[in-house]
Each structure stands twice: as C-alpha cells, then as structure tokens.
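Novice: Here the sequence shown stands for residues 153 to 769, where the numbers follow the numbering used here.
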Amino acid sequence: MLSLPLAIQLGVLVALSNIQSQAQLEADRAEHARKVSSAVTDLTNDIIRLMAGVGEKVSSAKGYLAETTMLTHVAAAEEHFRRLKNLTADDAAEHRVVVDSEATLLRAKDLFMRLRQLEISEAGGAPVGPDMVVVWREMHRLFANDVFYSLRQIGKTQEDIADKSPALQAKLRGQIQALALALGLFGTCCTAALAYYLMRTLARRLDLMHDNTLRLAAGRTLHAPLLGRDEIADLDRVFHAMAHTLRQAALKEKAIVNNARDVICTIDEEGCFVSANPATEELLGIDADAIIGLSVIDLIYPDDAGIALKFFDAVQQQGQSQPSAATSRSGSGSGSGSGSGSGSRLVPGRTLEVRMKHFNGSWKDTLWSASWSAEQNQLFCVIHDITERLKTERLKQELMVMVNHDLRSPLSTLQITFALLKSGKYGRLSAEGEALIDRGERGCDRLLQLTRDLLDSDRLEAHKMELNVERCALEEIALGAVEAIAGVAETRQVLIVIDLPTLHIKGDRLRLEQILSNLLSNAVKYSPRGGRVRLTACSQNGQALISVFDNGPGISANKIDQVFERFKQVQAPGQQMPGTGLGLTICKALVELHGGKIWVESEVGKGSQFSFTVPLA
153 MLSLPLAIQL GVLVALSNIQ SQAQLEADRA EHARKVSSAV TDLTNDIIRL
203 MAGVGEKVSS AKGYLAETTM LTHVAAAEEH FRRLKNLTAD DAAEHRVVVD
253 SEATLLRAKD LFMRLRQLEI SEAGGAPVGP DMVVVWREMH RLFANDVFYS
303 LRQIGKTQED IADKSPALQA KLRGQIQALA LALGLFGTCC TAALAYYLMR
353 TLARRLDLMH DNTLRLAAGR TLHAPLLGRD EIADLDRVFH AMAHTLRQAA
403 LKEKAIVNNA RDVICTIDEE GCFVSANPAT EELLGIDADA IIGLSVIDLI
453 YPDDAGIALK FFDAVQQQGQ SQPSAATSRS GSGSGSGSGS GSGSRLVPGR
503 TLEVRMKHFN GSWKDTLWSA SWSAEQNQLF CVIHDITERL KTERLKQELM
553 VMVNHDLRSP LSTLQITFAL LKSGKYGRLS AEGEALIDRG ERGCDRLLQL
603 TRDLLDSDRL EAHKMELNVE RCALEEIALG AVEAIAGVAE TRQVLIVIDL
653 PTLHIKGDRL RLEQILSNLL SNAVKYSPRG GRVRLTACSQ NGQALISVFD
703 NGPGISANKI DQVFERFKQV QAPGQQMPGT GLGLTICKAL VELHGGKIWV
753 ESEVGKGSQF SFTVPLA
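1) Please specify which runs of the alpha helix (DSSP H), each continuous and at least 4 residues long, are wholly inside the region 374 to 414, giving them in chain order.
2) Give me the residue from 670, 230, 175, 200 with the minimum Cα distance to residue 259.
3) Pull the bridge partners of residue 648 from the DSSP assignment, please.
4) Count the other C-beta atoms from every protein chain shown that fall within 10 angstroms of the C-beta of residue 575, then say buried if there are 16 or more, exposed otherwise.
5) Starting from the Cα of residue 775, find the closest Cα among 765, 387, 669 and give me that residue.
6) Is the region 589 to 608 touching the region 560 to 578, taking contact as three or more C-beta pairs under 8 Å?
7) Taking the CB atoms as reference points, tell me whether residue 425 and residue 443 lie closer together than 8 Å.
8) Over the uninterrupted alpha helix (DSSP H) stretch that includes residue 634, give me the two end residues.
9) Assuming residue 661 and residue 635 make a contact with CB atoms under 8 Å, what is their CB distance in whole Å?
10) Locate the beta strand (DSSP E) running through residue 421, then write down its first and last residues.
11) When the Cα atoms are used, what is the spatial distance from residue 650 to residue 683?
12) Which one of 168, 428, 616, 736 has the shortest CA to CA distance from residue 532?
13) Enumerate in chain order the residues of its own chain whose CB-to-CB distance from residue 571 is below 8 Å, with the five nearest sequence positions on each side excluded.
14) Is residue 702 helix, strand or coil when you go by DSSP?
15) Counting beta carbon pairs with one atom in the region 161 to 171 and one in the region 319 to 339, are three or more of them shorter than 8 Å?
16) Measuring straight from C-alpha to C-alpha, what distance separates residue 215 and residue 194?
17) How should residue 505 be labelled, buried or exposed, when 16 other C-beta atoms within 10 angstroms of its C-beta is the threshold for buried?
18) Does the separation of the CB atoms of residue 630 and residue 652 fall below 8 Å?
19) For residue 751, which residues from the same chain have a beta carbon less than 7 Å from its beta carbon, with the 5 sequence-adjacent residues on both sides left out?
20) Rounded to whole angstroms, what is the Cα-Cα separation between residue 525 and residue 473?
21) Quick test of your reading: residue 452 and residue 460, contact by CB under 8 Å. State the CB separation rounded to the nearest angstrom.
22) Take residue 360 and list the residues in its own chain whose beta-carbon comes closer than 6 Å to its own, dropping the five residues that flank it on each side.
23) Please state whether DSSP places residue 666 in a helix, a strand or coil.
24) Could you pull out every residue in the same chain whose Cβ sits closer than 6 Å to the Cβ of residue 671, ignoring the five residues on either side in sequence?
25) Mind the definition here: the region 607 to 615 touches the region 583 to 598 only if three or more C-beta pairs lie below 8 Å; say whether that holds.
26) For residue 763, name the three-state secondary structure that DSSP assigns.
27) Let me check understanding here. Comparing Cα to Cα, which of 351, 237, 363, 199 lies closest to residue 261?
28) Grab me the residues of residue 663's own chain with a C-beta within less than 6 Å of its C-beta, minus the 5 sequence neighbours each way, in chain order.
29) How big is the Cα-Cα spacing for residue 152 and residue 596?
30) Going along the chain, which residues of its own chain have a beta-carbon closer than 6 Å to the beta-carbon of residue 746, five neighbours each way excluded?
31) Rounded to the nearest angstrom, what separates residue 704 and residue 599 at their Cα positions?
32) Strictly by DSSP, which residues pair up with residue 691?
33) Assign residue 305 to buried or exposed, taking buried as 16 or more other Cβ atoms, counted over all protein chains shown, within 10 Å of its Cβ.
34) Relative to the alpha-carbon of residue 183, which residue among 468, 321, 254 has its alpha-carbon at the smallest distance?
35) Would you tell me roughly how many angstroms separate the C-alpha atoms of residue 396 and residue 419, rounded to the nearest one?
36) Output needed for residue 364: all residues of its chain with C-beta closer than 7 Å, excluding positions within five of it in sequence on either side, in chain order.
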C-alpha cells in the first residue's frame, strides 16, 4: 500500500533533482558566457586601440609609430588572449578561433616590427616608400578582418547565450516550483488517505477487540485472532490466550463444583437460593435447578432457624466491614430424623451446624461455612453433610459411657475379688489356684489400663482434660514412674538406670508420672531380656529435657512418623508386643498440654531415644 506513493514521490524527487541540476548548469553556462563576452570585449578594445594607433602614424608621409605604446597594447591583448583561451578550453570550436586570432595578433606584431624598421630607415625625412605602405595595409587588414571580426563573432555568440539564460532559468525555476507544489499536494493527499485508512483499520480492529470483550463476558465464541505483527495483533493474541486460560479455569471450576460432594450454593439477600451444584440432590433430594428461588429457612429445622438467621446476619455484617468471611457455630444435639431442640449458640470464628430437611421427610445434620460478597450482594456457602459423623460421635460417646460405667466398675470389683482370694481370707489356694489368680489379675490390669487409656484419649481429644499444675521435683516423679513398672522390669530382667540432676518442673504430677511410666514401660517391653533402660534429664533454655534410652531393635526411618499415631504399634518384623497403641498418643497429647514437645530418635539395631520437654519451675 505504501510502495506506490513512495515510488511516485521518489520519481518526483529525481525529476526535481534533474531540473535543479539543469538550472545550475544553465546558471554556470550563463556566468561562463558573461566572462567570455567580457574577455572578448576587453580584447576587441585592445585591438581597436592598436588599429587607431597604427592609423594615426601612417597618415602622414613622415610619421613614425610609438613603439612603446604599441607593445603595451599588444602585451595587454596577449594577456586577454590567455584568459580567453582558459575560458574557451571546453569549447573546441571557439578555442580554435581564439588560438587562430592569437596567432594573427602575433603576425601583426611581426609586421609592426618590420614597419618600425622601415620607419627608422627613412627617418632622414625621405617620403614613405611603397614597402612601408604595403606592410601597414597588411597589418591593418589582420587587425580589422581576422582578429576583430573573429572575436566579435565569439562575443556575439556568448552575449546571445547570456541574454537567453535568464528566460531559460526562469522556465526551469517554474518547473521546479510546479513539481515541488505537485509533490507537496501529492504527499498531503497520500498522508490524508493513509491516515484515513489507518484510522478505519485501527477503529475496525479496536472495535473487534471490544466486541471480543463483550463476547467473553457473555460466554460466546470470540472472533478469529487478528493477523499481523503489530501491537494490536499482539494484544489480540494475548487476549485470546487469556480467554482460553479463563475458559479452561472456568471448566475446571465447573468440574470441581459439579463433582463436589458438598453443596456449593449462593443465596441472595432475601434468603433465597440463586445457584447450587448437583450435590443438592444427594443431600436434600432436590434437583439443583429446582432449588433456585426456594427460601433457605424453609429447608432448615424450625428450632435451628433462629440461629441460622443470626449466622447469616453476622456473616453479612462482617463481610461488609472486612473482606474475610465471618463464620459461627451452633451445636446440634439431635441426629437424622430427630425433632428435638438443639440448644444452639453463636461462637464467632466458627461454622454453623443446623439440620436441613430432606425431601423424603428425614433431617440431615449439616455444617455450613459462608462468606458475603458485597459486590454481588450474595452469600456464598458450602454445606457439608455431617450426619454420619455425628452418628459416629454419638456412638463413640456411648462407648465411652459404657467403658466408664459398664466395664471399668466390674473390672474393679473383679480385681478386688482376686485380691481377697489371694490374701487367703477365704482359705488357702493351691499353687495352681494362685497361678490362675495371678493370671486373672494381670488380665484385669490390662483391661483397666485399656479403659483408662481410652478415657484419657477421649478427654484429650475433646480438650476436656484439666491439669493440676504445681511445682514438682523431677526425681520424685521419676521414682514413682519406675516403681509403677518395677514388676514388669523385674520379670523381663531389664535394669533401669536413673541419671537425673536436681530439677524442679512445673506441671501436673500425676500426668507427668503417667508420661514417664508409658515411656519407661515401652522401653522395658522392647528391650531384650537382660537389657538396660536409662533415664536422663538436663536443663535447656528454661525447660527440662527428659530422655529415655533403650537398647531395643530400634525403629526404621520410614516408620518414625507413625510412632505417635493412635492405635499404631511400630514393631520389628516377627515381633508381637501387647498394648493398646494409645500410650504414646496420650504421652504426646499430655506433653503438648504442658507446653512441651516430644520426639523420637532411633536407628535400627541400635535402640531408641524418646525425649520430651516441660517447663522448669
């Protein structure tokens, strides 16, 4: 598109340059003609003066020529000839005429010298002889005809050139002005046309991009990408790439939302559903499209409606005052199908638990989390079905009640009975009877320990265990723990070595003794018969660092992270140790409850080191 105007402008510029060169050549030619004409004029004046001088001297019978004057004029003429030869060096014809005229001048000079000799010889007053007259006439002819006429022809020619040059230069200047004006007009028209074309093109491309933004917002297909390598095309390519990324993200989000097990929905400020994912069908028995427009309060258990409204109000108020979501929690005391009250309460910073109505008539326990969008005036909610979880929790609570009342009490009674029988109060037992009593006592002890571990684990998990914090002597706690497992250590022939400095720690004496008893008991159980367990402690950064060492089989690196998990017993291959798998879990929870840390360091075949910290008193 730009090549044709550029070619035309280049052609006009070449023409302008050519005409300018012609004008310059014409000016140089006119200047040269003036110089040649001036030189010819000066030379003809010299010749005229020579002719006039010669004519005066031969007009009388006894005159003589002024040699000095004549030679002066001849010298001036020779100088003008040299100048004229230089000026006509580029014109062969004129240069030839000038050279011939100069030769004629030299012949005339020779004739003058002869005439001068004749004049001197007749200086005695004799009349002018015929030779002198002939010489004079020849010299006059040379001046008048050969030199003067030839030079006048050159001068006339150069004068004509000089006279015609202004008109020719004016013509060339007119052509230059016309071409310059045409070039200016053409450039202006091309610029205007190009600007119009670019404006139309840019406007069309920008309109296309603007329409693409509207199409993207409406979810419609975009126009094809713009061609070219300009900035707008680059921007359009980036926009298409961004739109592709957004579509992919939207598809992923849609896939996640549609396949989520939790209900993900939006609720307007009137409390009606605006959108929901397909999980509503499983939770509430209603299609995602059918739930739109329904009031959320109509689907909530009547006794929970009040706490739900307070929750929604709190979320909206906090969402309008800060960008983070507001959440609250209400306890739900009944399960699926229950119609009793829940005793709900708001606790800022938590979630909401309410019962929702399934379309089959049953009730579902749900856990809500929500955030308010002030921009869209909508509540974004995630509803999780916790019906089965609450059932499990209730079963767990019932189990704990059963363990506490229905299992521990009979075991305690049985333990007392074994003690009475063993004491001989009701008669002496045979050796076999005493062995059976001992076996029964050990079984009762294990079951009672299991019940205690289960109850402690439940209280710790529910954050219901309280500590009786006091200043304690570490050595006394250690001795109590060692005494509690002395029987087991003696049976396994394991030596317990206590290496403790005098330290006072801050904590619950009974719980600290329980921690040490569990760690020492594990160390004794996993130590080989005849082995040794060592208990050490030191002061470190305001805390007591307590460690229990054993020389058991050790723990592999890939199982160390499982040591403190519930119901996990990390054992060597082929090794079977009795236990509940709760002891180390309880130790970890109790240590953390005291504000300390617990960890294990071990290497297979080299034993283990269990360490924990508690604050110094």
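Just so it is clear, CB atoms sit at the ideal spot from N, CA and C, and this is done for glycine as well.
Specialist: Working from what's here:
1) Correct list: 383 to 411.
2) When 670, 230, 175, 200 are compared, the shortest CA-CA separation from residue 259 is found for 230.
3) Bridge partners of residue 648 according to DSSP: 685.
4) Residue environment: residue 575 is assigned as exposed (fewer than 16 neighbouring CB atoms within 10 Å of its CB, all protein chains considered).
5) Residue 775 lies beyond the stretch modelled for the chain, which goes from 153 to 769, so this question has no answer here.
6) Segments in contact, yes.
7) Yes, the pair counts as a contact, with Cβ atoms nearer than the cut-off.
8) Where residue 634 is concerned, the enclosing alpha helix (DSSP H) stretches over 626 to 636.
9) Rounded, the Cβ-Cβ distance is 14 Å, inconsistent with contact.
10) From DSSP, residue 421 is part of no beta strand (DSSP E); its letter is neither H nor E.
11) When rounded, the distance between both Cα atoms is 14 Å.
12) Residue 428 is the option with its Cα nearest to residue 532.
13) Hits under 8 Å: 593.
14) Strand.
15) Yes, the region 319 to 339 touches the region 161 to 171.
16) Only weak support is given to the placement of residue 215: the predicted model assigns it a pLDDT of 41, under 50, and the question is left unresolved by the model.
17) Residue 505 is classed as buried because its beta carbon has at least 16 other beta carbons within 10 Å across all chains shown.
18) Closer than 8 Å, so yes.
19) Cβ neighbours of residue 751 within its own chain (closer than 7 Å, five residues either side excluded): 763.
20) Straight across, the Cα-Cα distance linking residue 525 with residue 473 is about 11 Å.
21) So it is a contact: roughly 5 Å between Cβ atoms.
22) In chain order, 375 place their CB closer than 6 Å to the CB of residue 360, counting only its own chain and leaving out the 5 sequence neighbours on each side.
23) Reduced to three states, the DSSP call for residue 666 is helix.
24) The beta carbon of residue 671 is closer than 6 Å to those of 700, 762 in its chain, skipping five residues each way along the sequence.
25) No, the region 607 to 615 does not touch the region 583 to 598.
26) Strand.
27) Considering only alpha carbons, the answer is 199.
28) For residue 663, the CB contacts under 6 Å within the same chain, skipping 5 residues up- and downstream, are 742 in chain order.
29) Because the chain spans 153 through 769 in this model, residue 152 falls outside it and cannot be assessed.
30) If we look at residue 746 and ignore the five residues flanking it on each side, its Cβ neighbours are 659, 766.
31) Residue 704 and residue 599: Cα-Cα distance of roughly 26 Å.
32) Per DSSP, 696.
33) Exposed: under 16 other Cβ atoms inside 10 Å.
34) The shortest C-alpha to C-alpha distance from residue 183 to any of 468, 321, 254 is the one to 321.
35) Separation of residue 396 and residue 419 (C-alpha to C-alpha, rounded to the nearest whole angstrom) is 29 Å.
36) Excluding sequence neighbours, residue 364 sits near 374, 375, 391.
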